[in-house]
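**Student:** Those letters in the sequence shown? Residues 1 to 131, per my numbering, in order.
Here's a structure for you.
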Amino acid sequence: MQEKEIETFCPTSQTDWRKWLQKNHRSKQSVWLICYKKNSDKPTIGWSEIVDEALCFGWVDGKRKSIDHETFIQFLCKRKASSTWSKVNKAKIIRLIESGLMTQAGLECIEKAKQNGSWTLLDDVEELTIP
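Below, the structure written as structure tokens:
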């Protein structure tokens, strides 16, 4: 069986990444973002901005790999319905909703998570609650 090639995209800004998601979030399953590290003088987007935009469209970040001293690749994909939600991402969601940046796809993803319990699955772990 031949592996399906995963698309790569090199956003130069948060706006650039959001435009890609607007166009592709429903038709694509995943993407490798090629980004420049902070020490590079090339225009790039940081991890927090990458995740913010992904969350807005119901996507999530995955593995990050260094390519060389100047670049890295970040895997992003559609969030699975059973995927758990970290405290960090839930805090980001609150801010994104308040800012009016969430899309219908992102809001639907949150609603599914709340319905199936994956939204709160990590709450006790995040709060270090001993069972």
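Backbone N, C-alpha and C define an ideal beta-carbon position, used for all residues, glycine too.
All values reported here derive from a predicted model rather than from experimental measurement.
Nearest by alpha-carbon distance to aspartate 61: which of Gly46, Ile73, Cys77 and Asp68 is it?
**Tutor:** Comparing Cα positions, the closest option is Cys77.
**Student:** For glutamate 111, I'd like the list of residues in its chain whose CB is within less than 7 Å of its CB, leaving aside the five on either flank, ordered along the chain.
**Tutor:** Closer than 7 Å at Cβ, skipping near neighbours: no residue.
**Student:** At 3 residues or longer, and completely inside the stretch 41 to 71: list those beta strand (DSSP E) runs for me, N to C.
**Tutor:** Correct list: 59 to 66.
**Student:** How do the stretch 30 to 39 and the stretch 80 to 89 stand: do at least 3 beta-carbon pairs fall below 8 Å, yes or no?
**Tutor:** With the cut-off at 8 Å, the stretch 30 to 39 and the stretch 80 to 89 do not touch.
**Student:** Alpha carbon to alpha carbon, how far is asparagine 89 from arginine 95?
**Tutor:** So the two alpha carbons sit approximately 10 Å from each other.
**Student:** With DSSP as the reference, please indicate the residues paired to leucine 76 in a beta bridge.
**Tutor:** The partner list for leucine 76 (beta bridge, DSSP) reads Val31 and Asp61.
**Student:** Cutting at 6 Å between CB atoms, please list the residues of its own chain near serine 30, excluding the five before and the five after it.
**Tutor:** Same-chain partners within the cutoff: Ile6 and Cys77.
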